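Here the structure is laid out as structure tokens; the discussion comes afterwards.
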Amino acid sequence: MSGEHMPRIRVIGAGLAGCEAAWQAARMGVAVDLYEMKPHKYTPAHHHPGFAELVCSNSLRSNDVSNAVGLLKAELRELHSLMMEAAYATEVPAGSALAVDREKFSAYITEKIKSEPLIAVHEEEVTVIDDSVITVIASGPLTSDALAAEIVRLLGNDCQLYFYDAAAPIVDAATIDTNIAYFASRYGKGDPTDYLNCPMTKEEYDAFYNALIGAEVAALKSFDAKAQEGKDPKVFEGCMPIEVMAHRGYDTLRYGPMKPVGLPLPGSEKEAYAVVQLRRENREGSMYNLVGFQTHLTFGEQKRVFRMIPGLANAEFFRYGVMHRNTYLRSPGILTPQYSMKAKPMVFFAGQMTGVEGYVESTSSGYVAGVNAARLARGEEKIDFPATTEIGALAHYISESTASNFQPMNANFGVIAPLEKRVKGGKVARNQAYAERSLSVLKEMLSAN
Ligand SMILES: Cc1cc2nc3c(=O)[nH]c(=O)nc-3n(C[C@H](O)[C@H](O)[C@H](O)COP(=O)(O)OP(=O)(O)OC[C@H]3O[C@@H](n4cnc5c(N)ncnc54)[C@H](O)[C@@H]3O)c2cc1C
């Protein structure tokens, strides 16, 4: 189809998924109208006008392909993902993980999108969906209320679910006492300056633990309270508030985010009773986040309790932890593995709201939805990313899962198609085999298309 006659596509939301979708469609020669409600309106977790804002951690997790999210990143790189290009261009050291300077990351993507001639950016909130126009809805886990209501109408029944995610606090590096907190990476892997470690004795842990389980939790925002009338908040295991974890038992934190293993005290072979790790938040090392300390405590309680951590007695908080609504579809039965609606093939969904969980996973669904929306505009067959790849495995999982309680899913090797042959050498060798198979499948797909 010639450019003149080719339909334009709409993408709603300039987050991770929306930017990736818009970019891929434009790369395929399809004109895109990208709608973003910022800077006129912000969700409770977004605060900056730029695109692809990382609302919590600055880490895109493991870089190792024998880890599923590492493989997903390698696949996205192979596929020329804009998010991956931006992430590696704005990387900050974080051991074996890929972490970014969040402001530079967002600025990089915003600049690329705004200077792409085939993408027209509209700064407005979308409240109505026209299902006769090819549309990718990528408005995220905090989709505005009006659009959420429109999505319910579009789906034709009450298919939305709610659960809760929590974000970790960030402290000013200059206010951390480095006579107490020491630099080290777990098991000596990676650059030791990526992490500052706050060691605790048993007495310090006891006092901290008791303060944490007795601390006051913030009231839910009105929309959250309404959404869960009569229900307990549903907490996603991968992003569980520290205080909820503490309530599970005295030792839960010592085997979780506060585990001391692989972090011996400086000048000794011994480990502390417990350790709080602080991860560098930007290249300059001026900010550190409390690893695994997502929380829903009131801000006053966060200051009081987290200042009990050795080294943080005088810490100033750049940002306190928060907890927000997370909206996602019950995608199995509603979406195809191309992220389009079965009932309305012009309408695609992308990002966290499809039931993938995480920055990289949201990007991957934006990639698949964007490419397929563009193919539809070009009059071409949709493309299936097979479950032998992690990008395809997630797409098949969200559309075909038979779980009775469908829950958002991080990248993992449990969703990928099993290997054809048994691989000797344990888990790492098996995961390497998954990675090799996946990357060669993608290379073949790229050369065929
Ligand atoms: C509080 C919180 C913390 C999280 N922390 C992490 C984490 O640490 N690590 C991780 O991997 N994942 C995390 N996630 C999960 C997920 O990876 C992120 O939410 C991710 O940003 C999802 O990408 P997305 O593209 O789907 O949505 P978003 O990045 O949220 O993008 C959606 C965009 O759509 C816009 N929008 C919304 N409604 C409208 C409308 N009606 N019209 C126009 N524009 C609209 C928004 O302003 C936003 O820019 C977190 C989620 C939440 C809610």
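Residue numbers (this note's numbering): 18 to 466. Every residue, glycine too, gets a C-beta built ideally from N, C-alpha and C. These figures come from a predicted structure and were not determined experimentally.
Same chain, Cβ closer than 6 Å to residue i, neighbours up to 5 away in sequence not counted
i: residue 240; result: Any reading at residue 240 must be qualified, since the residue scores a pLDDT of 46, below 50, and its modelled position is unreliable; no value is offered.
i: residue 450; result: 436, 440
i: residue 126; result: 36, 68, 69, 103
i: residue 116; result: 75, 76, 109
i: residue 447; result: 440
i: residue 136; result: 39, 43, 49, 51, 130
i: residue 171; result: 146
i: residue 259; result: 310, 312
i: residue 460; result: none
Residue i, enclosing alpha helix (DSSP H) - first and last residue
i: residue 226; result: 219–231
i: residue 190; result: No alpha helix (DSSP H) contains residue 190, which DSSP labels as neither H nor E.
i: residue 264; result: 259–264
i: residue 168; result: 162–172
i: residue 413; result: 407–417
i: residue 322; result: 316–323
i: residue 44; result: 33–44
i: residue 89; result: 85–95
Same chain only: Cβ atoms within 8 Å of residue i, ignoring 5 sequence neighbours per side
i: residue 63; result: 55, 70, 72, 159
i: residue 363; result: 148, 149, 150, 151, 152, 357, 393
i: residue 45; result: 388, 391, 392, 395
Residue span of the beta strand (DSSP E) that contains residue i, given as start and end
i: residue 306; result: 304–307
i: residue 553; result: The chain is shown only over 18 to 466; residue 553 falls outside these bounds and no answer can be derived.
i: residue 68; result: Neither: residue 68 is in no beta strand (DSSP E) and is coded neither H nor E.
i: residue 296; result: 291–297
i: residue 136; result: 136–139
i: residue 334; result: 334–336
Reduced DSSP secondary structure (H/G/I, E/B, other) of residue i
i: residue 216; result: strand
i: residue 50; result: strand
i: residue 380; result: helix
i: residue 282; result: coil
i: residue 154; result: strand
i: residue 22; result: coil
i: residue 423; result: coil
i: residue 363; result: coil
i: residue 448; result: helix
i: residue 356; result: coil
i: residue 105; result: helix
i: residue 462; result: helix
i: residue 127; result: helix
i: residue 203; result: helix
i: residue 389; result: helix
i: residue 79; result: strand
i: residue 267; result: coil
i: residue 272; result: helix
i: residue 342; result: strand
i: residue 454; result: helix
i: residue 277; result: coil
Cβ-heavy atom distance, residue i to ligand 1, below 7 Å
i: residue 343; result: yes
i: residue 62; result: yes
i: residue 287; result: no
i: residue 101; result: no
i: residue 405; result: no
i: residue 55; result: yes
i: residue 33; result: yes
i: residue 370; result: yes
i: residue 388; result: no
i: residue 160; result: yes
i: residue 357; result: no
i: residue 464; result: no
i: residue 73; result: yes
i: residue 143; result: yes
i: residue 123; result: no
i: residue 457; result: no
i: residue 130; result: no
i: residue 10; result: What the structure shows of the chain is the stretch from 18 to 466, and residue 10 is not part of that stretch, so it cannot be assessed.
i: residue 3; result: An answer regarding residue 3 cannot be provided, because it is not within the stretch 18 to 466 covered by the chain.
i: residue 376; result: yes
i: residue 52; result: yes
i: residue 29; result: yes
Neighbourhood of residue i by C-beta, 7 Å cutoff - its chain only, sequence neighbours within 5 removed
i: residue 192; result: 331, 332, 333
i: residue 211; result: 110, 111, 112, 202, 296, 297
i: residue 119; result: 71, 75
i: residue 407; result: 85, 88, 89, 92, 428, 433, 455
Any non-hydrogen atom of ligand 3 within 7 Å of residue i CB
i: residue 156; result: Absence of ligand 3 is noted for the structure shown, with ligand 1 being the only ligands found.
Say whether the segment 99–108 touches the segment 157–164, bearing in mind that this needs 3 or more beta-carbon pairs closer than 8 Å, one atom from each stretch.
Remark: fewer than three beta-carbon pairs, one from each stretch, lie closer than 8 Å, so the segment 99–108 and the segment 157–164 are not flagged as touching.
I'd like to know if the segment 345–357 and the segment 380–390 are in contact, where contact means that at least 3 CB-CB pairs between them fall below 8 Å.
Yes, they touch.
Determine, using beta-carbon pairs with one atom in the segment 190–205 and one in the segment 312–320, whether at least three such pairs fall under 8 Å.
Verdict: no, contact absent.
When you compare the segment 284–296 with the segment 339–353, are there three or more beta-carbon pairs, one atom per stretch, that lie closer than 8 Å?
No contact exists between the segment 284–296 and the segment 339–353.
If we count Cβ pairs, one from each stretch, closer than 8 Å, do we get three or more for the segment 362–379 versus the segment 219–236?
Here the segment 362–379 makes no contact with the segment 219–236; the two share fewer than three CB pairs at distances below 8 Å.
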